[in-house]
Amino acid sequence: MKFSKLLFVALACSVLTTGLSAHVLKQSAEPAGAQAKVQFKDAWVRATVPGQTGSGAFMKITAPNASRLVSISTPVAGVAQVHEMKMDGDVMQMRALTDGLELPAGKTVELKSGGFHVMLMDLKQTLVAGKKVPLTLVFKDANGVESQQTLNLPIAKVAPIGAKDAMGVISNMGDVTNHRH
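Numbering (mature numbering (1 follows the signal peptide of the UniProt record, and there is no 0)), first residue to last: -22 to -1, 1 to 159.
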């Protein structure tokens, strides 16, 4: 009788331990922050006039883990890229970031007029203020794992309150009708 109780307790402990071990292994197999999403703030797209072939999208991005924004797509533009504007001597230069935009873990990176921004080129339609633009952003983490998020960004003629340009003031990017690379 004592032996059967002892056997029962031993079997019960064995089953519980096996189940617990499987649960712990399952949890540790998932990368830290696997479910965490990139956060966006003050995201918007600049409105265009008929015939204009380019525009920009602006936002603040905070990634929970170190990663890169490696590509962007939208049905409203033939080309969507992350660009950087910076002074080279006395000349403001703009270039596409072919290796993507670095997003340090937990740090906010601002895409704004006069700095990093999303260029939308070869527009397929006029971007009308008050409407929205779907934008799909693809990220790659330090392990090379890709993830994507789709946003529906509001279209506005000027930066919404809270969204500022490189000078710290609300302004527009100017005419990007003939923007070419």
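Ideal placement from N, C-alpha and C gives every residue a C-beta, glycine not left out.
Report task. List the endpoints of the continuous beta strand (DSSP E) containing Leu81. Result -> 79 to 81
Requested in this report: Leaving out five residues on either side along the sequence, give the residues of the same chain with a beta carbon under 7 Å from the beta carbon of Ala83.
Outcome: Ala41, Pro42, Asn43, Ala44
**Report entry** Segment limits, beta strand (DSSP E) that includes Asn130
**Finding:** 124 to 134
Query raised in the report: At what residues does the beta strand (DSSP E) containing Leu105 begin and finish?
Result: From DSSP, Leu105 is part of no beta strand (DSSP E); its letter is neither H nor E.
Query - Straight-line Cα distance separating His61 from Gly92 - result: 10 Å
Query - Thr104 and Thr26 closer than 9 Å at C-beta - result: yes
Query raised in the report: Whose CA, out of Arg73, Ala74, Val123, Val96, lies closest to the CA of Val111?
Result: Val96
Query raised in the report: Closest by CA to Gly56, which one among Arg46, Glu88, Asp66, Ser33?
Result: Ser33
Requested in this report: Using three-state DSSP, classify Ala7 as helix, strand or coil.
Outcome: In this prediction, Ala7 scores a pLDDT of 33, lower than 50, which makes its location untrustworthy; no coordinate-derived value is stated.
Report task. Determine the direct distance from the alpha carbon of Thr114 to that of Trp22, and round the result to whole angstroms. Result -> 13 Å
Query raised in the report: When burial is assigned at 16 or more other CB atoms within 10 Å of the CB, is Val54 buried or exposed?
Result: buried
Requested in this report: Express the C-alpha separation of Phe94 and Glu124 in angstroms, rounding to a whole number.
Outcome: 21 Å
Query - Spatially closest choice to Leu75 from Lys85, Thr128, Gly67, Met63, by CA coordinates - result: Met63
Query raised in the report: If you drop the 5 nearest sequence neighbours on each side, which residues of the same chain put their C-beta closer than 8 Å to that of Gln71?
Result: Met63, Lys64, Met65
Query raised in the report: In terms of residues, what are the limits of the beta strand (DSSP E) holding Ser91?
Result: Premise fails: Ser91 is in no beta strand (DSSP E) and is neither H nor E.
Requested in this report: Using 10 angstroms around the beta-carbon of Asp68, count the other beta-carbons present and answer buried if the total reaches 16, otherwise exposed.
Outcome: exposed
Requested in this report: Using a threshold of 9 Å, state whether the C-beta atoms of Ser49 and Val116 are closer than that.
Outcome: yes
Query raised in the report: Taking the alpha carbon of Asp77 as the point to measure from, which residue in Arg46, Pro138, Phe18 has its own alpha carbon closest?
Result: Arg46
Report task. Quick one: grab the DSSP three-state call for Ala137. Result -> coil
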